[in-house]
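Per this note's numbering, the sequence shown runs over residues 35 to 193. We put the beta carbon where it would ideally sit given N, CA and C, even for glycine. Source: prediction; values computed, not measured. Written below as structure tokens is the structure these notes are about.
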Amino acid sequence: MSKKEFNHNDHTVPFANTLMVRDSCLCLHVRRAARTIARRFDDAFRPLDLTSGQYSLLMSLNRPSPPHMKDVADLLAMDRTTLTANLKPLERRGLVEITPDPKDKRGRLLSLTKDGMALLARAFPIWKETQNQLESLVADSNAQQLLADLISLSQDPEK
35 MSKKEFNHND
45 HTVPFANTLM
55 VRDSCLCLHV
65 RRAARTIARR
75 FDDAFRPLDL
85 TSGQYSLLMS
95 LNRPSPPHMK
105 DVADLLAMDR
115 TTLTANLKPL
125 ERRGLVEITP
135 DPKDKRGRLL
145 SLTKDGMALL
155 ARAFPIWKET
165 QNQLESLVAD
175 SNAQQLLADL
185 ISLSQDPEK
């Protein structure tokens, strides 16, 4: 059957299937939860002119030695192009520094500036408070188990 024939055949999906997906789809509910959680953190970080994504990026750079761009991209589950786009506003604000790797000039190392570390230090208590509020919403279940399950789901099955 060709794609054209497939698209023009009279195929339907029962409404019961829609309800089943609505009520049980992991993808749908993880995405909904992710958006809701991100909005809560965005609201909390707004006084610092910081988004939840920027906070995660800054925190990922808080290491004893500057990480490679690829390592940060892998940690944040984003491609390098997206990471570069997310770094630009932080670099313009003087919060991060991107430098060539002295061992491989093609590679880039990422580090927090003093201003970036100061902002991260101000943001951490806000993160902690918001994190505690969110954890209390899953207190009837097991927040640690939920986190472990989410980490398990986020692993690349091909690795």
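Simplified DSSP state of H102, which is helix, strand or coil: DSSP places H102 in strand when its eight states are reduced to three.
Rounded Cβ spacing between H102 and G141 (contact assumed at less than 8 Å): With a Cβ gap of about 6 Å, H102 and G141 count as contacting.
Contacts around L121, its chain only, beta-carbon distance under 8 Å, and the 5 residues preceding and following it disregarded: Excluding residues within five positions, the ones whose Cβ falls inside 8 Å are L91, V130, I132 and L144.
Sub-8 Å separation of L109 and S94 beta-carbons: Taking 8 Å as the cut-off, the Cβ atoms of L109 and S94 count as close.
When N176, Q178 and W161 are compared against A72, the one with the closest alpha-carbon: Of all alpha-carbon atoms in N176, Q178 and W161, the one lying nearest the alpha-carbon of A72 is that of W161.
Beta-carbon separation (whole angstroms), R74 vs L168, contact threshold 8 Å: With a Cβ gap of about 7 Å, R74 and L168 count as contacting.
Other residues of its chain near V106: CB distance less than 8 Å, five sequence neighbours each side excluded: By the criterion of a C-beta distance shorter than 8 Å, V106 is surrounded in its chain by L91, S94, L95, L117 and L144, once the five residues flanking it on both sides are discounted.
Endpoints, the alpha helix (DSSP H) within which S58 is located: For S58, the enclosing alpha helix (DSSP H) begins and ends at F49 to S58.
For H45 and Q178, the rounded distance between their alpha carbons: If I take the Cα positions, the gap works out to 43 Å.
Helix, strand or coil at V64 according to DSSP, with G and I counted as helix: V64: helix per DSSP, three-state reduction.
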